[in-house]
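In case it helps, the working numbering puts the sequence shown at residues 281 to 534. We put the beta carbon where it would ideally sit given N, CA and C, even for glycine. Please read all numbers here as calculations on a predicted model, not as lab measurements.
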Amino acid sequence: MVKHFQQVAHRGGSRLAPENTLAAFRNALTLPIDAVELDVHMSRDGHAIVLHDNTVERVTDGKGNILDLDFAVLRKLNAAAHFPGGWSEPQQIPTLREVLELAQGHCQVYIEIKASKRDGAYGHYPHIAETVVDEVRALGMLDQVLIISFDWSVLSQVKELAPAVQTGALVNRDTWRPEAEDALETLMEQVHALGCSWINMDNKLYSSAMPTTFHQSDLKLGLWTVNTLEDLRRFAAAGVDSLTTDRPDLFSQI
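See the structure below:
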């Protein structure tokens, strides 16, 4: 018997609707999910917006780096412009507040805090940790979110601002070397030091020892992005704590 795991719609389910749009999140809420996952950047004038990339070209009909674009400009773009097969109506880039209000009382929200990026160099959006925590707190949703990031330093800031909120370290080959000596032990020590309760990992780094090892250390394990029914079933049976997918419609078949 498969123990329950959190069923997470990646960017709202980006194979089913334009990613990180209200259309995607509304569609996700019609499916058997426990959480939606989204990505947060900051507009040039300080608004928390939901978009994955540092630039707008891939998913919208606009151009430019988010660092250079004010909220009013971003809101004029169509975030469904390049959805495969087209989409019936334009979609605005949502604010974090809009998605939180949509999800409130219905599901968990995995909030990925993104780093800024220009000319290949990563940076920090001013006050992004404070802004995210303030938005979540304003809606009384501190117990309804998991805040995650590849920028582990921002997770420490989040815990200082809201000690009760759950945080998770995002892990891929850029942040962790599984072949290193004592790699798992070192990773768990680092994550505990950040105050995190979750490790959310690229599923390609998964090993069968991880669920038991992490659970013995009071850590939960989430895997992303798992897009086949075969893999979803395999990881669910292995005892992971969450699975994030672009195809949340597949959860009904597990």
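8 Å contact criterion, which residue i and residue j should meet: CB distance rounded
i: Ile428; j: Glu392; result: 5 Å
i: Ala360; j: Pro370; result: 6 Å
i: Ala536; j: Asp431; result: The question about residue 536 has no answer, for the chain in this structure spans 281 to 534.
i: Val320; j: Ala516; result: 28 Å between Cβ atoms; not a contact.
i: Val413; j: Val438; result: 6 Å
i: Ser436; j: Leu474; result: 6 Å
Candidates the options: closest to residue i by CA position
i: Arg417; options: Gln446, Asp431, Asp399, Val434; result: Gln446
i: Asn307; options: Arg355, Val339, Val320, His386; result: His386
i: Leu376; options: Thr493, Ala328, Val451; result: Ala328
i: Glu317; options: Ala517, Leu309, Lys439; result: Leu309
i: Arg513; options: Gln496, Leu426, Phe531, Asp414; result: Phe531
i: Thr546; options: Ile373, Val389, Tyr486, His495; result: Here the chain has residues from 281 to 534 only, and residue 546 is not among them.
i: Asn507; options: Phe494, Gly403, Pro528; result: Pro528
i: Val425; options: Ser433, Glu440, Ala444, Gly344; result: Ala444
i: Ala303; options: Gly519, Asp350, Glu378, Leu435; result: Glu378
i: Gln533; options: Pro312, Leu422, Phe305; result: Pro312
i: Asp482; options: Asn358, Asp454, Ser323; result: Asp454
i: Ala442; options: Cys476, Glu469, Ala460; result: Cys476
Exposure label - residue i; buried when at least 16 CB within 10 Å
i: Asp498; result: exposed
i: Gly502; result: buried
i: Arg338; result: exposed
i: Thr293; result: Sequence inspection shows Gly at residue 293; the Thr mentioned does not correspond to that position. Buried is the call here.
i: Asp399; result: exposed
i: Gln286; result: buried
i: His284; result: exposed
i: Tyr405; result: buried
i: Lys343; result: exposed
Cβ-Cβ distance between residue i and residue j below 7 Å
i: Asp511; j: Arg295; result: no
i: Thr524; j: Val288; result: yes
i: Leu467; j: Leu419; result: no
i: Ile479; j: Val451; result: yes
i: His290; j: Thr492; result: no
i: Pro298; j: Phe351; result: no
i: Arg315; j: Tyr390; result: Note on residue identity: the sequence assigns Ala, not Arg, to residue 315. Contact flag set, yes.
field: 4-residue-minimum alpha helix (DSSP H) runs that sit fully inside the segment 370-434, ordered along the chain
entry: Inside the segment 370-434, DSSP marks whole alpha helix (DSSP H) runs of 4 or more residues at positions 376-383, 408-418, from first to last along the chain.
task: Jot down the residue ranges of each uninterrupted beta strand (DSSP E) in the segment 313-345, minimum 3 residues, whole runs only, in chain order.
output: Qualifying beta strand (DSSP E) stretches, in chain order: 315-322, 328-330.
- request: Starting from the N-terminal side, write out each stretch of the beta strand (DSSP E) that is 3 residues or longer and does not extend beyond the segment 455-487.
  value: The segment 455-487 contains, as complete beta strand (DSSP E) runs of 3+ residues, the segments 478-482 (chain order).
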